[in-house]
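Here is the structure we will look at.
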């Protein structure tokens, strides 16, 4: 099983989320503009691509603070995919193949989001605390 919370897994998740957002942008003109998701889909997909680039940068630099934008945009992208699936399934039912394509994407992004969150927590706990922002002890008054 692929360990998505490792450096290689995080890089793979970033590249695949760029590919998923690009696929959405490629299919958007043909299918999704009819259902009112045109403008929202463009913005969320663009944010997903930018968040994925930041995730890749954070994975290469091994800085967990760069994981946060991707986690936020992935949540929005998962919402977009779930909303489109529900709208297309409750519609006429003529676009049944689109939700069946979106389910594996949603499952993978959900697993990747959970794994990146685990890596974020692990890396955050491994980092030593910063003592440079503490004030000097000479300003503390000792009452004894």
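Residue numbers (my numbering): 577 to 720. Glycine included, C-beta positions come from ideal geometry on N, C-alpha and C.
Discussion item. My output table needs one value for residue 615: the three-state DSSP class, helix, strand or coil.
Written reply: As a first step, residue 615 is located in the chain shown; it is residue number 39 there, counting from the start. DSSP places residue 615 in helix when its eight states are reduced to three.
Practice prompt. Keeping to the same chain, check which residues put their C-beta closer than 8 Å to that of residue 618; ignore five residues upstream and five downstream.
Written response: The residue you call residue 618 lines up with position 42 of the chain shown. Counting only Cβ-Cβ distances below 8 Å, and skipping sequence neighbours, we find 601, 604.
Practice prompt. May I have the straight-line CA-CA distance separating residue 620 from residue 662, to the nearest angstrom?
Written response: Taking the first residue of the chain shown as position 1, residue 620 is located at position 44. Taking the first residue of the chain shown as position 1, residue 662 is located at position 86. About 18 Å.
Fill in: Inter-residue spacing [alpha-carbon to alpha-carbon] between residue 597 and residue 702
As a working mapping, residue 597 is identified with position 21 in the chain shown. As a working mapping, residue 702 is identified with position 126 in the chain shown. Approximately 32 Å, taken between the alpha carbons.
Worksheet item: Buried or exposed: which applies to residue 664, given that a residue is buried once 16 or more other Cβ atoms fall within 10 Å of its Cβ?
Response: The residue given as residue 664 occupies position 88 in the chain shown. Buried: at least 16 other Cβ atoms inside 10 Å.
Discussion item. Are the CB atoms of residue 692 and residue 628 within a distance shorter than 8 Å?
Written reply: Counted from its first residue, the chain shown places residue 628 at position 52. Counted from its first residue, the chain shown places residue 692 at position 116. No, they are not a contact pair.
Fill in: Enclosing alpha helix (DSSP H) for residue 701 [first to last residue]
Your numbering for residue 701 matches position 125 in the chain shown. Its alpha helix (DSSP H) spans residues 673-702.
Worksheet item: So what does DSSP say about residue 634, is it helix, strand or coil?
Response: On the chain shown, position 58 is the one that residue 634 refers to. Reduced to three states, the DSSP call for residue 634 is helix.
Worksheet item: Would you say residue 643 and residue 696 are within 8 Å of each other, going by their C-beta atoms?
Response: Position 67 of the chain shown, counting from 1, holds the residue named residue 643. Position 120 of the chain shown, counting from 1, holds the residue named residue 696. Between residue 643 and residue 696, the C-beta spacing is below 8 Å.
Worksheet item: In or out: residue 667 buried (at least 16 other Cβ within 10 Å) or exposed?
Response: Locating residue 667 in the chain shown gives position 91, where the first residue counts as 1. It is exposed - the Cβ of residue 667 has fewer than 16 other Cβ atoms within 10 Å.
Discussion item. Determine whether the beta carbon atoms of residue 632 and residue 660 lie at a separation below 8 Å.
Written reply: For the purposes of this step, residue 632 is taken as the residue at position 56 of the chain shown. For the purposes of this step, residue 660 is taken as the residue at position 84 of the chain shown. No, they are not a contact pair.
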